[in-house]
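As given, the protein sequences belong to chains E and V, one line each in that order. Quick note: the first sequence uses the numbering used here, first residue 10, plus one each step. Quick note: the second sequence uses the numbering used here, first residue 245, plus one each step. Please read the structure below before turning to the comments.
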Amino acid sequence: MLIFRHEDGKKVASPEQIQIWMKQTMDWIGGIAAQNKFVGGNGLPFDDARVVHSNKTVTNGPFGDIKETLGGYVIVKANSADEAAEFAKGSPVLQGAGNTIEIRKIAKGDGVH
Amino acid sequence: MNQQELIPHLFRTEYSKITAVLCKLFGMEHIEIAEDIASDTFLKAMETWTYKGVPPNPTAWLYSVAKNKAKNYLHHNHIFKQKIFNDLKNSEMLAEELEIDLSVKNITDSQLQMLFAICHPSISAEAQIGLALRILCGFGIDEIANAFLSNKETINKRLFRAKEKLRLEKVKIVFPAEPEIIVRLETVLTTLYLLFNEGYYSESNDVTLNKDLCLEAMRLTNQLLENEKTNLPQVNALLSLMCFHSSRFEARVNKKGEFILYEDQDETLWNTELISKGVYFFKEASLGNTLSKYHLEAGIAYWHTIKADTKEKWENILQLYNRLLQIAYSPIAALNRTYAFSKANGNKEAIIEAEKLNLNNNHFYFILLGELYKAIDPKKAKQHFQTAHTLAKTETDKHTIQRNLDKL
Chain E
10 MLIFRHEDGK
20 KVASPEQIQI
30 WMKQTMDWIG
40 GIAAQNKFVG
50 GNGLPFDDAR
60 VVHSNKTVTN
70 GPFGDIKETL
80 GGYVIVKANS
90 ADEAAEFAKG
100 SPVLQGAGNT
110 IEIRKIAKGD
120 GVH
Chain V
245 MNQQELIPHL
255 FRTEYSKITA
265 VLCKLFGMEH
275 IEIAEDIASD
285 TFLKAMETWT
295 YKGVPPNPTA
305 WLYSVAKNKA
315 KNYLHHNHIF
325 KQKIFNDLKN
335 SEMLAEELEI
345 DLSVKNITDS
355 QLQMLFAICH
365 PSISAEAQIG
375 LALRILCGFG
385 IDEIANAFLS
395 NKETINKRLF
405 RAKEKLRLEK
415 VKIVFPAEPE
425 IIVRLETVLT
435 TLYLLFNEGY
445 YSESNDVTLN
455 KDLCLEAMRL
465 TNQLLENEKT
475 NLPQVNALLS
485 LMCFHSSRFE
495 ARVNKKGEFI
505 LYEDQDETLW
515 NTELISKGVY
525 FFKEASLGNT
535 LSKYHLEAGI
545 AYWHTIKADT
555 KEKWENILQL
565 YNRLLQIAYS
575 PIAALNRTYA
585 FSKANGNKEA
595 IIEAEKLNLN
605 NNHFYFILLG
615 ELYKAIDPKK
625 AKQHFQTAHT
635 LAKTETDKHT
645 IQRNLDKL
């Protein structure tokens, strides 16, 4: 699983910029799918989010309290973490300075990590 | 229509109707009896009409002969009759006189139920297509063998085994229950999609036969739309896809029966009526929230009905392929996506994408690489075309690749 972490979720991009990112993301995912290595994925929009704290209080959005925000995830078929890392290198998420992509195995898969 | 044309024509349209109605009545386990009675009916028509001339209403004549033959069969086969009556739930009503209902409604219902019965997951897609062609489209064994580039014996064996399997599985000729429809419909749509492709991408040179396969696939898909339970977005999307593709029938083959590549086609030969129909069904398909692979493929096919080579066109095609590959990967879709990618984002970027595909046994893969390298590195392009030439199986493909090599 490739998990996108954004350093600052408060930054607002212009609609044109968003459109460019959308195309790049679709082309990137399409490229993985064209190798028959795509399993699934979702974007996690920043708006209308909640954080539930240990004292059960609920705050709006993760921003401010948490430094890094999840922006989405993609699940790929890869034989190794290194292969998955190669896929991650193509993601437009990395164009944002400070953003990272974390690569994790999915437990108890059927060979799909 | 003279008599020589009339009987084959009626056979195509009426054989399947008679078989479906009788088989629905007798049960799938007696499908051969239903087929025999339908065949005998046409044999009788051939004998009688030759001497006495064609009756004023040939279809009604066929139905009445088929009814009599079915009744006679039951009369002379008491055991079979007993079994049929026992199987029928409303047997009291039918005990005296078996009603053979050849009304339009019962014919349509029986054919649709038959379509679901034949497209049963227990038999292979190839066998489903064969059975559909035989039982629902009235195709001869020769024609089916021709379409599959096979021989009569193989097809006969395949159909026999498929019927045997349907018998063993006790497949009923009924409309699937409401919750099951969507799942069963998926198999039906796959079969119709493959039937269409069998005609559209056939390696057989029989242009008329190939076209007939496509038209039959469209007719059966349309039948699903006529029933409100199966008039669903994905069915509309499939028919829309078929309309867009078939709009190029007249333009894609020359007088010698050779294929003309999309780029070289005379678009004035594209059928605008079919394109409009495709747009209509595509709009119908867009109602509701379903997004099937047929929606995406119909979208791609729609953009291909616009000849102008614009950036917008290829960007849209690329994005549709990006989504199609996420839900239904196939090597050919991966190759087409990369071609669209090159048109939208440039050859240099596309080469990087292409080289990740690793479809090393596929000659189309090397044709694509050859095309992408043509302007950038002719030497590499040549190597790729040569690999493609070695891998290509048919003479036509080898010939096309050789022409590319000569042009370099």
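Here a beta-carbon is modelled for each residue, glycine too, at the ideal position from N, C-alpha and C.
Contacting residues, own chain, Cβ-Cβ under 7 Å from residue i (five flanking each side not counted)
i                         : result
asparagine 334 of chain V : Confidence in asparagine 334 of chain V is poor, its pLDDT being 49 and thus under 50, which makes the residue's placement unreliable; the coordinate value appears in the next sentence. Cβ within range, chain order: n/a, list empty.
isoleucine 645 of chain V : Ile611, Phe629, Ala632, His633, Ala636
lysine 651 of chain V     : none
leucine 531 of chain V    : Pro477
asparagine 69 of chain E  : Arg59
glutamine 247 of chain V  : Trp293, Val298
leucine 483 of chain V    : Met462, Thr465, Asn466, Leu469, Phe525
histidine 122 of chain E  : Residue placement at histidine 122 of chain E cannot be trusted, given a pLDDT of 47 that sits under 50; what the coordinates show is reported in the next sentence. Answer for histidine 122 of chain E: Ala87, Lys114, Ile115, listed in chain order.
lysine 409 of chain V     : Ser366, Ile367
asparagine 591 of chain V : Leu616, Ala619, Ile620
lysine 642 of chain V     : His633, Ala636
Residue j beta carbon less than 8 Å from that of residue i
i                         : j                         : result
aspartate 386 of chain V  : lysine 401 of chain V     : no
leucine 649 of chain V    : lysine 624 of chain V     : no
proline 365 of chain V    : threonine 431 of chain V  : yes
glycine 40 of chain E     : lysine 600 of chain V     : yes
alanine 228 of chain V    : leucine 562 of chain V    : In this structure chain V extends from 245 to 652, so residue 228 of chain V is not present and cannot be described.
threonine 516 of chain V  : methionine 486 of chain V : no
serine 347 of chain V     : lysine 268 of chain V     : no
alanine 376 of chain V    : threonine 435 of chain V  : yes
isoleucine 38 of chain E  : glutamine 372 of chain V  : no
alanine 87 of chain E     : lysine 46 of chain E      : yes
isoleucine 84 of chain E  : isoleucine 115 of chain E : yes
threonine 549 of chain V  : isoleucine 576 of chain V : no
isoleucine 670 of chain V : threonine 263 of chain V  : There is no way to answer for residue 670 of chain V, as the model of chain V reaches only from 245 to 652.
glutamate 343 of chain V  : threonine 303 of chain V  : no
alanine 43 of chain E     : arginine 581 of chain V   : yes
alanine 391 of chain V    : leucine 457 of chain V    : yes
alanine 361 of chain V    : isoleucine 426 of chain V : no
methionine 272 of chain V : arginine 411 of chain V   : yes
serine 448 of chain V     : leucine 513 of chain V    : no
methionine 35 of chain E  : asparagine 560 of chain V : no
leucine 403 of chain V    : glycine 384 of chain V    : no
Residues near residue i in its chain [Cβ-Cβ closer than 6 Å; skip 5 each side]
i                            : result
phenylalanine 608 of chain V : Leu579
phenylalanine 419 of chain V : Gln357
phenylalanine 13 of chain E  : Gly80, Gly81, Val102, Ile110
arginine 256 of chain V      : Gly382
alanine 22 of chain E        : none
asparagine 498 of chain V    : Ile504
tryptophan 30 of chain E     : Pro101
lysine 261 of chain V        : Ile351
arginine 647 of chain V      : none
glutamate 413 of chain V     : Ser366
alanine 572 of chain V       : Lys537
CA nearest to the CA of residue i, picked from the options
i                            : options                                : result
valine 479 of chain V        : V/Arg428, V/Asn454, V/Ser448, V/Trp514 : V/Arg428
glutamate 292 of chain V     : V/Ile251, V/Ile277, V/Glu273, V/Ile262 : Inspection of the sequence shows that residue 292 of chain V is occupied by threonine rather than by glutamate. The option with the nearest alpha carbon to threonine 292 of chain V is V/Ile251.
asparagine 441 of chain V    : V/Glu370, V/Leu346, V/Ile550           : V/Glu370
alanine 545 of chain V       : V/Arg492, V/Lys499, V/Gly590           : V/Arg492
leucine 540 of chain V       : V/Trp558, V/Glu507, V/Ala481           : V/Ala481
leucine 469 of chain V       : V/Leu433, V/Ala598, V/Leu535           : V/Leu433
histidine 274 of chain V     : V/Thr294, V/Pro302, V/Leu287, V/Ile323 : V/Ile323
glutamate 615 of chain V     : V/Ser586, V/Asn533, V/Ile571           : V/Ser586
isoleucine 27 of chain E     : E/Val48, E/Pro54, E/Leu11, E/Met10     : E/Pro54
phenylalanine 270 of chain V : V/Tyr317, V/Leu306, V/Gly384           : V/Tyr317
glutamate 422 of chain V     : V/Leu438, V/Lys315, V/Glu472           : V/Glu472
valine 415 of chain V        : V/Ser536, V/Cys363, V/Asn533, V/Thr398 : V/Cys363
threonine 554 of chain V     : V/Lys527, V/Thr534, V/Ala584, V/Asp450 : V/Ala584
leucine 359 of chain V       : V/Glu460, V/Gly501, V/Pro622, V/Gly543 : V/Glu460
Inter-residue CB distance, residue i and residue j (contact presumed, cutoff 8 Å)
i                       : j                            : result
leucine 266 of chain V  : alanine 278 of chain V       : 4 Å
glycine 522 of chain V  : phenylalanine 488 of chain V : 4 Å
glycine 50 of chain E   : glycine 80 of chain E        : That belief does not hold up - the Cβ atoms of glycine 50 of chain E and glycine 80 of chain E are roughly 11 Å apart, past 8 Å.
glutamate 77 of chain E : glutamate 16 of chain E      : 6 Å
alanine 495 of chain V  : glutamate 507 of chain V     : Wrong, their Cβ atoms sit about 12 Å apart, outside the cutoff.
leucine 568 of chain V  : lysine 537 of chain V        : 6 Å
Proximity test, residue i beta-carbon vs the ligand ATP heavy atom, cut-off 7 Å
i                     : result
lysine 637 of chain V : For the structure depicted, the ligand ATP is absent and the ligand set is empty, with no information on it obtainable.
Sequence-distant residues of its chain with Cβ nearer than 8 Å to residue i (five each side left out)
i                     : result
alanine 94 of chain E : Ile112
Item checked: In chain order, each beta strand (DSSP E) run of at least 3 residues that lies wholly inside the region 52-94 of chain E -> 59-61, 67-69, 78-85
Checklist line | Within the region 560-637 of chain V, ranges of the alpha helix (DSSP H) (whole runs, at least 4 residues) | finding: 575-589, 591-599, 607-617, 622-635
Note to self: Give the list of continuous alpha helix (DSSP H) stretches no shorter than 4 residues that lie fully inside the region 516-553 of chain V.
What the structure shows: 516-529, 537-548
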